[in-house]
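Worksheet: one structure, shown below.
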Amino acid sequence: MSLLTVSQISIREERSFALKEISFTQQPLQKIAVAGETGSGKSTLLQIIAGLVQPDTGEVRFQGKKVWGPAETLVPGHPGIAYLSQQFELPPFLRVEQVLSYANKLSATEASTLYQVCHIDYLLPRQTNQLSGGERQRIALAKLLLTAPKLLLLDEPFSNLDIGHKQILKKVIRNIGEKLGITLVLISHDPLDTLSWADDILVMKDGQLIQQGSPQEIYYRPTNEYVASLFGDYNLLPAALTLPLTGLTDLPTAKQNILVRPEHIQISENGGVGLPAKITQAIFFGSYYELEIEAENAIIKVKTHTNQFTSGDKISISVLPEYVWGI
Numbered sequence: 104m105s106l107l108t109v110s111q112i113s114i115r116e117e118r119s120f121a122l123k124e125i126s127f128t129q130q131p132l133q134k135i136a137v138a139g140e141t142g143s144g145k146s147t148l149l150q151i152i153a154g155l156v157q158p159d160t161g162e163v164r165f166q167g168k169k170v171w172g173p174a175e176t177l178v179p180g181h182p183g184i185a186y187l188s189q190q191f192e193l194p195p196f197l198r199v200e201q202v203l204s205y206a207n208k209l210s211a212t213e214a215s216t217l218y219q220v221c222h223i224d225y226l227l228p229r230q231t232n233q234l235s236g237g238e239r240q241r242i243a244l245a246k247l248l249l250t251a252p253k254l255l256l257l258d259e260p261f262s263n264l265d266i267g268h269k270q271i272l273k274k275v276i277r278n279i280g281e282k283l284g285i286t287l288v289l290i291s292h293d294p295l296d297t298l299s300w301a302d303d304i305l306v307m308k309d310g311q312l313i314q315q316g317s318p319q320e321i322y323y324r325p326t327n328e329y330v331a332s333l334f335g336d337y338n339l340l341p342a343a344l345t346l347p348l349t350g351l352t353d354l355p356t357a358k359q360n361i362l363v364r365p366e367h368i369q370i371s372e373n374g375g376v377g378l379p380a381k382i383t384q385a386i387f388f389g390s391y392y393e394l395e396i397e398a399e400n401a402i403i404k405v406k407t408h409t410n411q412f413t414s415g416d417k418i419s420i421s422v423l424p425e426y427v428w429g430i
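When we follow this note's numbering, the leftmost residue of the sequence shown carries the number 104, and every step to the right adds one.
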């Protein structure tokens, strides 16, 4: 049986749908990420799942039982579902251990393990007003986990964090699933967060679910250009370039354009296999070089780890057929 079942959820705001007929299921310990532009309905979806917002139609079932919305119950929310919003508060001038003790439903041993997983055990003696933003967020997260939820909903947990605290939190979130056995749904606007973590990704636009699949499916086979743009740089090229780029005699699809990610374009010497091209710009980004290439009146972006190319070089470019997707 699915842990979570979302069925035909819709909610209207003024003249448009904030969410329209959203349906999906989640298995125990399955990691689901929700992606989409600002205003696409991601946060509203999580709030409905948590029982904090009332949908107009549809229902949410958790462990086979309906999650009642605020219009259907006196106390909004579900005891088995924890929701961490982008805005959270900790009471000021209290020690961290005091704040956590008020919420704790676990044994001393279980709480100690949780504090280690959340990387906050060394923070317990401090006052809440002495914490950094990243530390405060991990304390707020631990406070929710002390209520022993089975499902954790995280709304943009990495926003406004510096690189150091973000890396710590990413490890914490991974360990919450692996060591504490808690199922998670996460919203993030950073494609690296979702692609590297999720088992399944839901892509939303204008309140609708427009694609659902594994990170590999979403990245390599996006439904449209909008989905492609959410998960990194891409080239959208005329389908007529499929033959010179790949050597295929038949186009893989009947689409007018093909999508190729910049890291999948191979460079060879001028006159080599592939499409004749010219480098117009080369930019160093630390771990790779980004090249702007002109070929057949198209501007193509390429990512490479070699520094042997400079602006003005004439080259040939090619792509393996499996990295070409009609769109």
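Backbone N, C-alpha and C fix where the C-beta goes; we use that ideal spot for every residue, glycine too. Bear in mind the structure is a predicted one, so any value in this text is a computation, not a measurement.
key: Contact belief for Gly-183 with Lys-253 at Cβ below 8 Å, rounded distance in angstroms   = Taking the first residue of the sequence shown as position 1, residue 183 is located at position 80. Taking the first residue of the sequence shown as position 1, residue 253 is located at position 150. Going by Cβ atoms, the distance from Gly-183 to Lys-253 rounds to 5 Å, so yes, they are a contact pair.
key: Option in Val-330, Leu-132, Asn-338 with minimal Cα separation from Leu-362   = By one-based count along the sequence shown, residue 362 stands at place 259. Out of Val-330, Leu-132, Asn-338, Asn-338 has the C-alpha closest to the C-alpha of Leu-362.
query = Exposed or buried, what is Phe-165 when buried is set at 16 or more other beta-carbons lying within 10 Å of its beta-carbon?
reply = Within the sequence shown, residue 165 is the residue found at index 62, counting from 1. Buried, by the Cβ-count rule.
Per DSSP, the bridge partner or partners of Gly-119 = On the sequence shown, position 16 is the one that residue 119 refers to. The displayed chain sequence assigns Ser, not Gly, to residue 119. In DSSP, Ser-119 forms a bridge with Glu-116.
ask   = How is the alpha helix (DSSP H) around Leu-149 delimited, first residue to last?
value = Counted from its first residue, the sequence shown places residue 149 at position 46. Unbroken alpha helix (DSSP H) run through Leu-149: 145–152.
inquiry  = Please list the terminal residues of the continuous beta strand (DSSP E) segment that includes Leu-254.
reply    = Residue numbering aside, residue 254 sits at position 151 when the sequence shown is read from its first letter. Looking at the DSSP string, the run of the beta strand (DSSP E) that includes Leu-254 is 254–258.
query = What are the complete alpha helix (DSSP H) segments, minimum 4 residues, inside the region 167–221?
reply = 199–206, 211–220
message = Quick check on DSSP: helix, strand or coil for Gly-267?
response = To locate residue 267, count along the sequence shown from 1; it is residue 164. DSSP places Gly-267 in helix when its eight states are reduced to three.
Residue burial classification, Arg-89 (beta-carbon count within 10 angstroms, cutoff 16) = Any question about residue 89 goes unanswered here, given that the chain covers just 104 to 430.
query = Could you give the C-beta distance for Gly-237 and Ile-271, rounded to a whole number, given that I count them as a contact under 8 Å?
reply = Here the question's residue 237 lines up with position 134 in the sequence shown. Here the question's residue 271 lines up with position 168 in the sequence shown. About 7 Å; that satisfies the 8 Å criterion.
C-alpha distance - Val-376 paired with Gln-359, whole-angstrom precision = Position 273 of the sequence shown, counted from the start, is the residue given in the question as residue 376. Position 256 of the sequence shown, counted from the start, is the residue given in the question as residue 359. If I take the Cα positions, the gap works out to 24 Å.
inquiry  = Quick check on DSSP: helix, strand or coil for Gln-223?
reply    = The residue you call residue 223 lines up with position 120 of the sequence shown. Sequence check: residue 223 is Ile here, not Gln. Coil at Ile-223, not helix or strand.
query = CB Thr-141 to CB Ile-114, shorter than 8 Å?
reply = Counted from its first residue, the sequence shown places residue 141 at position 38. Counted from its first residue, the sequence shown places residue 114 at position 11. No. Outside cutoff.
query = Below 8 Å between beta carbons: does that hold for Met-104 and Gly-167?
reply = As a first step, residue 104 is located in the sequence shown; it is residue number 1 there, counting from the start. As a first step, residue 167 is located in the sequence shown; it is residue number 64 there, counting from the start. Going by C-beta atoms, Met-104 is nearer than 8 Å to Gly-167.
query = Is DSSP giving Pro-318 helix, strand or coil here?
reply = Residue numbering aside, residue 318 sits at position 215 when the sequence shown is read from its first letter. The answer is helix: DSSP assigns Pro-318 an H, G or I state.
ask   = Near Ala-121, what residues of its chain come up, given a Cβ to Cβ distance below 8 Å and the 5 sequence neighbours on each side ignored?
value = Position 18 of the sequence shown holds residue 121. Ile-114, Arg-115, Gly-144, Thr-147, Gly-310, listed in sequence order.
ask   = Within this structure, are the beta carbons of Arg-198 and Pro-228 separated by less than 8 Å?
value = To locate residue 198, count along the sequence shown from 1; it is residue 95. To locate residue 228, count along the sequence shown from 1; it is residue 125. Contact: yes.
query = Just curious, the alpha helix (DSSP H) that Tyr-299 is in, first and last residue?
reply = For this step, residue 299 is matched to residue 196 along the sequence shown. The sequence as given places Ser at residue 299; Tyr does not occur at that position. Here the alpha helix (DSSP H) through Ser-299 covers 294–300.
task = Spell out the partners DSSP gives Asp-303 in its beta bridges.
result = By one-based count along the sequence shown, residue 303 stands at place 200. Looking at the DSSP assignment, Asp-303 forms a beta bridge with Ile-135.
ask   = Would Gln-150 be called buried (16 or more neighbouring beta carbons within 10 Å of its own) or exposed?
value = Taking the sequence shown and counting its residues from 1, the one referred to as residue 150 is at position 47. Buried, since its Cβ has 16 or more Cβ neighbours within 10 Å.
request  = Can you grab the Cα-Cα spacing for the pair Glu-124 / Lys-417, in whole Å?
outcome  = Taking the first residue of the sequence shown as position 1, residue 124 is located at position 21. Taking the first residue of the sequence shown as position 1, residue 417 is located at position 314. Cα to Cα, Glu-124 sits roughly 51 Å from Lys-417.
query = Taking buried to mean at least 16 other C-beta atoms within 10 Å of its own C-beta, is Gln-201 buried or exposed?
reply = Stepping through the sequence shown from its first residue, residue 201 is reached at position 98. So Gln-201 ends up on the exposed side.
key: Segment limits, alpha helix (DSSP H) that includes Val-427   = Taking the sequence shown and counting its residues from 1, one reaches residue 427 at position 324. Note, Val-427: premise wrong, no alpha helix (DSSP H); not H, not E.
request  = Measure the C-alpha to C-alpha separation of Arg-324 and Ala-301 and round it to an integer number of angstroms.
outcome  = Counted from its first residue, the sequence shown places residue 324 at position 221. Counted from its first residue, the sequence shown places residue 301 at position 198. Their backbone Cα atoms lie some 16 Å apart in a straight line.
task = Determine the burial state of Thr-231: buried for a count of at least 16 other Cβ atoms within 10 Å of its Cβ, exposed for fewer.
result = Within the sequence shown, numbered from 1, the residue matching residue 231 stands at position 128. Buried, because 16 or more other Cβ atoms sit within 10 Å of the Cβ of Thr-231.
message = Residues in the same chain with beta-carbon distance under 6 Å from Ser-188, minus the five sequence neighbours each way, listed in chain order, please.
response = For the purposes of this step, residue 188 is identified with residue 85 of the sequence shown, where counting begins at 1. Closer than 6 Å at Cβ, skipping near neighbours: Asp-258.
request  = Just the C-alpha distance for Ile-285 and Leu-209, rounded to the nearest angstrom, thanks.
outcome  = One-based indexing of the sequence shown puts residue 285 at position 182. One-based indexing of the sequence shown puts residue 209 at position 106. So the two alpha carbons sit approximately 14 Å from each other.
task = Output the distance between the C-alpha atoms of Lys-308 and Asp-265, rounded to the nearest integer angstrom.
result = Along the sequence shown, one-based indexing puts residue 308 at 205. Along the sequence shown, one-based indexing puts residue 265 at 162. The straight-line gap from Cα to Cα measures roughly 28 Å.
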